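Structure first, then comments.
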Amino acid sequence: MKKSALFTVAVPTLLLLMIAVAGSQEEIEFVDNSDFSNAQRPPSVFRHEEHNEIAELEDCAECHHIYDDNGQKLEDESSEDQRCSECHESRSSGRKPSLTRAYHVNCKGCHLKQKKGPFLCGECHVKQ
Amino acid sequence: MVDVYTFVSGPLAWAAFTICIGGCLYRLISLIVLAYKKERFIFTYMSFSYGLRSIVHWITPFATENWRRHPVLTVVTFAFHISLVIAPIFLLSHIVLWEEAWDLRWPALPDALADTMAVIVIAGCIFFLVRRLKLPEVQFVTTASDYVILAIVAAPFVTGFLAYHQWVAYPYMVIAHIISGEVMLVAIPFTRLSHMVFSPLTRAYMGSEFGKVRMARDW
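Residue numbers (the working numbering), protein chains in the order written: chain H, 2 to 129; chain G, 134 to 352.
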């Protein structure tokens, strides 16, 4: 009896756990565009780990930033636990850019400034 | 490539828009000044209502005798001109750039529709090219510059279409697209493309003369 309980409960639970863990550590390959209801372009290619290694980015808040109500960036805080769309809405308001503008200015703006990385529409939004 | 892009999408774009808008204003003002000096009667002939009536009449497909006599040309020219003007203004990729630069945004066409409109413009250019080569009455008023203008108009749409589909030499195609668009903007005030600005005026004048002076129908 005990043996069958092990196989019907413990083993599947363990398997599920392993899948969940493996899934959560899967490398990010694209920007998650699920906040755009009618996306016209393929999601932007973005390999998170590879990008930060090449760009030598240590500070998460470079992208995962937090700004206070006065538009001041809070130096010691970051927002990895939030979705970009929790702050950036579909329309710009005041100095806070819309979600599309936030992505474009953040990614492309930095690439142009650093003269590294993709900067043309189709270099990120690659058609499969 | 970054530097090339920064240059063609920055200073060169500023120059192209400035020359286009400034050039059109210059041509418009100098035309009015010239008319005032040499053919002042034009101003007494001009009528707002007859002018507007004629413009509305001629921008309605098949409304005029001439449009009805050339049904194929009518369909092509309307589809061509509507696509030529609407597609670039309401193209998502263009709006995204305005948003990036100025935080401006307006509704966009679905990409698939804009893509179709680009094909319509390219097909229209081919139609006009064949028409210039084949029809004697068009040949008669054709000069070399007319072919150059057709190429100038087709180029941004051909490169834009290819860049959108990312088929060949993508980065170069985008740069070629930007430059060819700027060439077209600069060409508008100084070539026959200036009919973009002048055609409402010539139409309004003819409409006025037919209505107010000759008391004739606007055909």
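Note that CB positions come from ideal geometry on N, CA and C, so glycine has one too.
Source: prediction; values computed, not measured.
| Item | Value |
| --- | --- |
| Find the nearest neighbour of Val141/G within the set Ser313/G, Gly257/G and Tyr159/G, judged by alpha-carbon distance. | Ser313/G |
| For a test of the three-state rule: what should DSSP assign to Lys356/G, helix, strand or coil? | Residue 356/G is absent from the structure shown; chain G starts at 134 and stops at 352. |
| Taking all protein chains shown into account, do 16 or more other C-beta atoms lie within 10 angstroms of the C-beta of Glu354/G, making it buried, or fewer, making it exposed? | With chain G covering only 134 through 352, there is no way to say anything about residue 354/G. |
| Using DSSP bridges, identify the partner residues of Lys74/H. | Tyr68/H |
| Just verifying my parser: in three-state terms, what is the DSSP assignment at Val135/G? | helix |
| Out of curiosity, what's the CA-to-CA distance linking Gln41/H and Leu100/H? | 15 Å |
| Buried or exposed, going by whether 16 or more other CB atoms sit within 10 Å of the CB of Trp191/G? | buried |
| Contact criterion: CB-CB distance below 7 Å. Does Tyr303/G meet it with respect to chain H? | yes |
| What residues of chain H sit near Ala148/G, judged by a beta carbon separation below 8 Å? | The contacting residues do not exist; Ala148/G stays about 19 Å from chain H at best. |
| So, using beta-carbon positions, are Pro44/H and Val32/H closer together than 7 Å? | yes |
| Check the Cβ-Cβ distances between Asp244/G and every residue of chain H, and say whether any is below 7 Å. | yes |
| Quick one: using the 10 Å Cβ neighbour count with 16 as the cut-off for buried, is Pro289/G buried or exposed? | buried |
| Quick one: measure Cβ to Cβ for Leu161/G and Val330/G, integer angstroms, because I've assumed they're closer than 8 Å. | 6 Å |
| From Ala247/G to Tyr338/G, what distance separates their C-alpha atoms? | 34 Å |
| Return no unless some Cβ of chain G is closer than 7 Å to the Cβ of Arg48/H. | no |
| Rounded to whole angstroms, what is the Cα-Cα separation between Val106/H and Thr249/G? | 29 Å |
| Do you know offhand how far Ser38/H's Cα is from Leu113/H's? | 28 Å |
| Can you find at least 3 beta carbon pairs, one from the segment 309-325 of chain G and one from the segment 143-154 of chain G, that sit closer than 8 Å? | yes |
| Report the residue ranges of all alpha helix (DSSP H) runs contained in full by the segment 253-281 of chain G; include only those spanning at least 4 residues, in chain order. | 269-272 |
| Where do the ends of the alpha helix (DSSP H) carrying Lys109/H lie? | Leu100 to Gln115 |
| Between the C-alpha atoms of Lys171/G and Ser180/G, what's the straight-line distance to the nearest angstrom? | 19 Å |
| Assuming the contact rule is C-beta atoms closer than 8 Å, Cys108/H and Cys125/H should be a hit. Round their C-beta distance to whole Å, please. | 7 Å |
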